Amino acid sequence: MVTEKKIATKSVFLFCFFCFVFFAEVVRCAKPYYNLKQNLLTETDTIITETVAEAVVEGSHYVKNTVSPCHFTSSSSVSSLPKEKQHEKLSAVATLWRERPPTSYCIKFQSFATLLKLVKDGKYESRPFTIGGYNWTFLIYPNGNKKDGANGYVSLYARIDNSTLISDPKDVYAEVKFFVYNRVYDKYYTYQETEARRFHLFKPEYGVPLFQPTSVFSTPTTGYIFDGEQCVFGIDIFVAQTFKEWEVFSFEENIKDPIYTWKLTKFSTLYRDSYTSAPFSSGGSSWVLKVYPNGDGYGKGNSLSLYLLSDSNENAYVRAKLRVLDQIRSNHVEKLVDGWPNATANNNGWGFEKFVPLADLKDASKGLVVDDALKVEVEFIGFSKTDSTLDVFY
1 MVTEKKIATK SVFLFCFFCF VFFAEVVRCA KPYYNLKQNL LTETDTIITE
51 TVAEAVVEGS HYVKNTVSPC HFTSSSSVSS LPKEKQHEKL SAVATLWRER
101 PPTSYCIKFQ SFATLLKLVK DGKYESRPFT IGGYNWTFLI YPNGNKKDGA
151 NGYVSLYARI DNSTLISDPK DVYAEVKFFV YNRVYDKYYT YQETEARRFH
201 LFKPEYGVPL FQPTSVFSTP TTGYIFDGEQ CVFGIDIFVA QTFKEWEVFS
251 FEENIKDPIY TWKLTKFSTL YRDSYTSAPF SSGGSSWVLK VYPNGDGYGK
301 GNSLSLYLLS DSNENAYVRA KLRVLDQIRS NHVEKLVDGW PNATANNNGW
351 GFEKFVPLAD LKDASKGLVV DDALKVEVEF IGFSKTDSTL DVFY
């Protein structure tokens with residue numbers, strides 16, 4: 001009897017345990033759906049709030065404007081775009097509203113409905129206008145460019161005249177903006193891409209197939225037609241000029257005439273602080289050597305200072321050996337310069353304040369001064385060159 005009671009107790013315990021586990025799993029699985037529901041309710045409330053706010057703004061903003069579009073008036077540059085016209089921020093396209101009229105070209109149609117009848121499924125092409133030295137036309141498809149799959153939309157395009165490219169065939173990069181005037185907001189709805197577009201002989205046209213639905217031009221309440229059935233489209237084209245001057249940086253190691261030797265006679269009688277050699281050419285550049293017989297900077301009074309200078313003040317990277325020659329045994333005093341010019345040493349280019357001690361110059365056994373003459377030398381290993389050119393680099 002006791003055994004039966006124990007078995008019953010264990011069964012009840014196991015049943016309760018499994019019920020608890022089942023309930024916990026149900027709660028865990030249901031929680032994400034509850035959060036999703038709460039988020040959807042929050043987003044719905046936000047959308048309703050934004051819609052009501054827009055309705056209030058639009059209702060209070062509508063004022064009949066008598067200023068003709070495409071005429072400049074004092075205005076701020078750019079205002080925010082209504083929510084229903086915003087594109088995704090991650091897109092390379094920007095749509096916005098601005099008060100400033102287009103600066104390149106405008107087209108005003110007295111009746112958009114008449115334009116639809118006359119053009120039907122075709123396009124209206126403006127007269128040629130010149131921007132950036134090239135001729136352009138503005139193309140408007142009032143019922144969409146069917147080739148681009150734009151049925152029921154206004155399509156806008158910019159076309160470059162190929163005749164202006166034939167004499168000088170090259171790519172033309174231009175930033176293009178498309179506009180349509182809205183009387184309700186008294187601003188221009190603007191479409192632009194963040195990158196300049198490429199025009200050339202085989203691709204002379206760029207545009208926006210889905211600029212605006214054709215239906216918004218059927219009623220004045222949208223603001224795109226006004227004073228009957230008038231509407232205004234505009235375009236801005238900014239031609240990005242390619243560079244005309246550029247430079248080529250290179251490092252020359254096969255130097256023509258790499259060694260130059262300069263002899264200073266009557267060395268003991270030299271009295272000026274410094275002496276500069278005549279300009280000499282090496283590797284197609286002009287250079288000079290400069291000597292401070294009694295030292296420069298920290299070498300003043302104790303050492304001879306020796307420098308290499310660019311005769312044309314080029315800011316080059318130089319690798320070279322500077323020498324004071326041993327005229328007896330060829331046991332030269334040699335030091336390597338390797339770097340950009342040293343601007344801190346009185347603009348003395350490349351060199352050393354303490355090149356060789358004055359005591360060594362006075363010691364005849366060193367062979368540095370023979371017959372009262374000193375010889376200094378430079379041997380170029382390599383140096384950078386920066387050439388300016390107007391030629392095409394590719």
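FYI, my numbering numbers position 27 of the sequence shown as 27, with every residue one higher than the one before it. Every residue, glycine too, gets a C-beta built ideally from N, C-alpha and C. Bear in mind that the values here come from a model prediction, so they are computed numbers and not experimental data.
Residue i to residue j, Cα distance in whole Å?
i    : j    : result
I160 : A278 : 57 Å
V56  : F217 : Because the pLDDT at V56 is just 28, under 50, the model does not fix this residue reliably, and the value given afterwards should be weighed accordingly. Those two C-alpha atoms are separated by around 23 Å.
S111 : N145 : 20 Å
F251 : K354 : 28 Å
Y275 : S303 : 15 Å
V232 : I107 : 6 Å
A359 : F243 : 57 Å
E379 : L306 : 14 Å
S384 : Q192 : 44 Å
I48  : T222 : Note that I48 has pLDDT 27, beneath the 50 cutoff, so the model's placement of it is unreliable and the number below is only indicative. Those two C-alpha atoms are separated by around 21 Å.
S104 : L139 : 14 Å
N315 : G284 : 15 Å
K89  : E195 : Legend: pLDDT at K89 = 36, less than 50; position of this residue unreliable, value from coordinates given subsequently. About 15 Å.
V248 : L165 : 28 Å
Along the alpha helix (DSSP H) that carries residue i, what are the first and last residues, could you check?
i    : result
L113 : In the sequence on display, residue 113 carries Ala and not Leu. Segment F112 to V119, the alpha helix (DSSP H) holding A113.
D338 : Counting along the chain, D338 falls outside any alpha helix (DSSP H), though it belongs to the beta strand (DSSP E) covering V333 to G339.
Strictly by DSSP, which residues pair up with residue i?
i    : result
W287 : F280 and S310
Q230 : F226
I160 : W136
N413 : Nothing can be reported for residue 413, as the shown portion of the chain is limited to 1 through 394.
Y153 : P213
L165 : According to DSSP, L165 bridges with nothing at all.
S384 : F251
Could you tell me whether the Cβ atoms of residue i and residue j are closer together than 9 Å?
i    : j    : result
I237 : A174 : yes
V376 : L270 : no
L156 : Y141 : yes
N151 : K120 : no
G234 : P102 : yes
Along the beta strand (DSSP E) that carries residue i, what are the first and last residues, could you check?
i    : result
L210 : E205 to P213
K263 : I259 to L264
A359 : Careful: A359 lies outside any beta strand (DSSP E), inside the alpha helix (DSSP H) at L358 to K362.
F249 : W246 to E252
I255 : No beta strand (DSSP E) contains I255, which DSSP labels as neither H nor E.
A320 : V318 to V324
I131 : F129 to I131
I107 : Y105 to F109
Say yes only if the C-beta of residue i is nearer than 8 Å to one or more non-hydrogen atoms of the ligand FMN, and no if none qualify.
i    : result
N151 : With respect to the ligand FMN, the structure offers nothing, as it holds no ligand at all.
Using 8 Å as the threshold, is the segment 112-131 in touch with the segment 202-210, meaning 3 or more CB pairs across them? no
Evaluate contact between the segment 188-203 and the segment 251-261, counting only Cβ atoms and requiring at least three cross-stretch pairs below 8 Å. no
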